[in-house]
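In my numbering, the protein residues as written are 33 to 643. Think of the CB as a built atom: it goes at the ideal place given N, C-alpha and C, for glycine as much as any other residue.
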């Protein structure tokens with residue numbers, strides 16, 4: 033298959049001329065998963081994304097397929113059971129992406145700790161049963177204080193009680209998106225990035241029937257006709273619904289910002305992912321995760337009202353995280369200047385899914401203070417000076433004589449919703465990466481039901497729990513062995529062992545197609561052979577249209593290989609310019625785009641390094 037700039041032009045022609053069964057708006061993980069399911073089920077499928085695939089939320093996560101152990105403190109068994117079971121499904125359909133990486137959870141003798149050693153062991157045992165790993169090599173175990181410090185000598189010993197170790201999975205979020213997109217394209221879907229929706233179309237009966245879109249590469253505006261329109265834009269869900277002049281719906285999203293910072297592992301070394309309370313009694317926990325030769329940590333969780341397309345790391349984010357990390361790892365003494373790279377992302381939380389379950393059935397009289405708070409916030413909302421979620425917060429925090437609730441961004445549910453508006457627009461919102469396939473399944477099932485009911489078109493939904501993404505044709509039970517065999521195949525073709533393993537881990541069963549490029553691509557001066565092959569594969573088979581696409585999302589070079597980034601930027605830009613025949617103006621545009629992204633990742637403004 034070719035999934036390149038040339039394929040993009042062909043797909044746009046189809047979108048102009050044909051009526052789709054479903055048009056998906058949004059190329060993050062939910063849209064990508066929906067496109068795979070729809071295309072594989074035989075629907076004529078189109079997807080448009082105003083940025084690069086995964087450029088928003090879906091490349092800015094903590095990069096885990098997380099099991100949700102902390103929910104078991106309150107014995108939320110159903111939530112954890114669903115999460116760990118779906119995690120196993122994702123590992124089965126994308127075995128080259130999520131990789132088992134046991135997590136260590138230190139426990140401190142502090143007020144409001146999430147776990148005691150006893151409750152942690154109870155939770156981990158239940159977690160193992162739900163995940164089906166009891167009695168296996170991945171079964172949990174506990175560590176004494178001395179054993180924890182032997183494993184992580186930089187960890188603060190004061191108040192440390194011990195730790196638990198349990199199964200979790202690291203993830204490459206952007207790769208998971210592009211592999212879903214590629215499989216959808218292989219199955220006949222028309223996947224187009226940098227195509228911005230500017231309006232929702234309707235038929236004579238007022239039904240949503242497509243979208244007017246602007247091609248951000250050419251400036252051309254076209255109309256795409258579709259029987260069903262699906263909105264999978266995450267934090268932008270309200271924005272798309274507000275474009276639809278046939279519906280009147282209140283905003284439902286409450287995006288929160290999460291920040292992660294990266295330092296060299298010589299500055300902060302952890303042997304495995306580590307997860308602990310912040311120590312600030314704020315109900316939050318923080319991850320510290322090794323990756324490549326780096327260590328990254330996060331996340332923050334704060335309400336966000338800024339530009340959805342460009343959340344940035346602020347000084348208060350850095351101060352918050354460094355205070356926690358330097359308290360937990362005193363000898364690290366990390367400063368702003370130690371941060372090599374960073375990222376900020378938005379969580380598409382649904383405002384109504386509060387951490388406290390206010391169900392309207394509290395019969396106690398509310399206090400005068402709460403009554404006044406309600407009157408005040410409602411008045412502000414009516415005047416336009418307060419957001420809807422702020423009203424929800426006040427309602428959730430109503431105090432009575434014997435009841436009190438507390439809602440903050442960190443306790444908001446990561447639940448998802450599927451809404452069908454009166455004009456037929458389907459919106460899938462909320463959720464988390466682990467649940468993406470189930471969310472997509474529900475959305476495509478709803479689409480097929482509409483097509484059968486209203487258009488007399490019948491499709492059979494594929495079993496997506498057993499349908500591999502692109503690159504996923506590997507036995508999930510033999511991932512290490514098959515990946516090593518792919519790597520050795522690369523060594524036989526002239527790659528070094530480290531280069532071959534890098535490519536095999538990145539591309540899974542597509543690795544031989546990457547090696548095939550050795551027959552037609554000369555090594556680019558300034559790039560390793562592996563980087564040369566990866567770059568050309570990204571341009572030809574992964575719709576990498578800009579240097580930022582390649583260096584940030586097709587690979588994680590900017591985030592976790594910052595040491596060598598500066599030396600390869602010029603060779604990457606030059607080779608992409610040559611291959612795509614860019615004008616000097618286009619080359620300059622993409623160069624400036626990358627420079628801006630690198631400066632933001634480097635925190636140059638905060639460091640005072642900006643000219």
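Extent of the continuous alpha helix (DSSP H) to which residue i belongs
i	result
residue 273	269-275
residue 476	468-487
residue 451	Premise fails: residue 451 lies in the beta strand (DSSP E), 448-452, not in any alpha helix (DSSP H).
residue 603	594-612
residue 175	Unbroken run through residue 175 is the beta strand (DSSP E), 173-176; no alpha helix (DSSP H).
residue 623	616-634
residue 209	205-218
6 angstroms Cβ shell around residue i - same chain, five flanking residues per side excluded
i	result
residue 634	none
residue 308	138
residue 641	none
residue 188	360, 362
residue 580	625, 626, 629
residue 471	62, 448, 460, 463
residue 206	86, 91, 585
residue 397	In this prediction, residue 397 scores a pLDDT of 45, lower than 50, which makes its location untrustworthy; no coordinate-derived value is stated.
Helix, strand or coil at residue i [DSSP, three-state]
i	result
residue 371	coil
residue 148	coil
residue 358	helix
residue 551	helix
residue 349	helix
residue 195	strand
residue 282	coil
residue 310	coil
residue 262	strand
residue 336	coil
residue 138	strand
residue 576	coil
residue 158	helix
residue 143	coil
residue 569	helix
residue 201	strand
residue 383	coil
residue 185	coil
residue 376	strand
The beta strand (DSSP E) enclosing residue i, as first and last residue numbers
i	result
residue 293	288-296
residue 327	326-330
residue 316	That residue, residue 316, is in no beta strand (DSSP E); it is neither H nor E in DSSP.
residue 584	Note, residue 584: premise wrong, no beta strand (DSSP E); not H, not E.
residue 494	Per DSSP, residue 494 belongs to no beta strand (DSSP E) and is neither H nor E.
residue 461	458-462
CA nearest to the CA of residue i, picked from the options
i	options	result
residue 383	627, 324, 566, 447	447
residue 266	283, 259, 278	283
residue 210	281, 340, 85, 219	85
residue 497	275, 66, 33, 111	66
residue 288	196, 135, 376	376
residue 370	337, 48, 639, 98	639
residue 221	487, 625, 582, 74	74
residue 93	473, 556, 463, 417	463
residue 310	130, 357, 457, 326	357
residue 125	95, 572, 60, 505	505
residue 491	412, 478, 500, 499	478
residue 568	591, 593, 607	607
residue 351	208, 338, 329, 324	329
residue 154	166, 143, 35	166
residue 204	178, 601, 133, 150	133
Sequence-distant residues of its chain with Cβ nearer than 8 angstroms to residue i (five each side left out)
i	result
residue 596	589
residue 598	none
residue 248	82, 226, 227, 228
residue 340	88, 267, 268, 271, 287, 378
residue 342	none
7 angstroms Cβ shell around residue i - same chain, five flanking residues per side excluded
i	result
residue 238	278, 455
residue 536	515, 518, 519, 522, 543
residue 98	200, 466
residue 555	561, 564
residue 102	146, 317
residue 354	366
Any non-hydrogen atom of the ligand SAM within 7 angstroms of residue i CB
i	result
residue 323	Looking at this structure, you won't find the ligand SAM or any other ligand, since it has none at all.
Entirely within the segment 220-255 and at least 3 residues each: give me those beta strand (DSSP E) ranges in chain order. 222-225, 227-234, 240-247
Length-filtered (4 minimum) alpha helix (DSSP H) runs lying within the segment 78-135: 109-125
Run through the segment 516-566 for me and flag every whole alpha helix (DSSP H) of 4 or more residues, listed as ranges in chain order. 529-539, 543-548
As an exercise, report each continuous alpha helix (DSSP H) stretch of at least 4 residues that is fully enclosed by the segment 46-76, in chain order. 61-72
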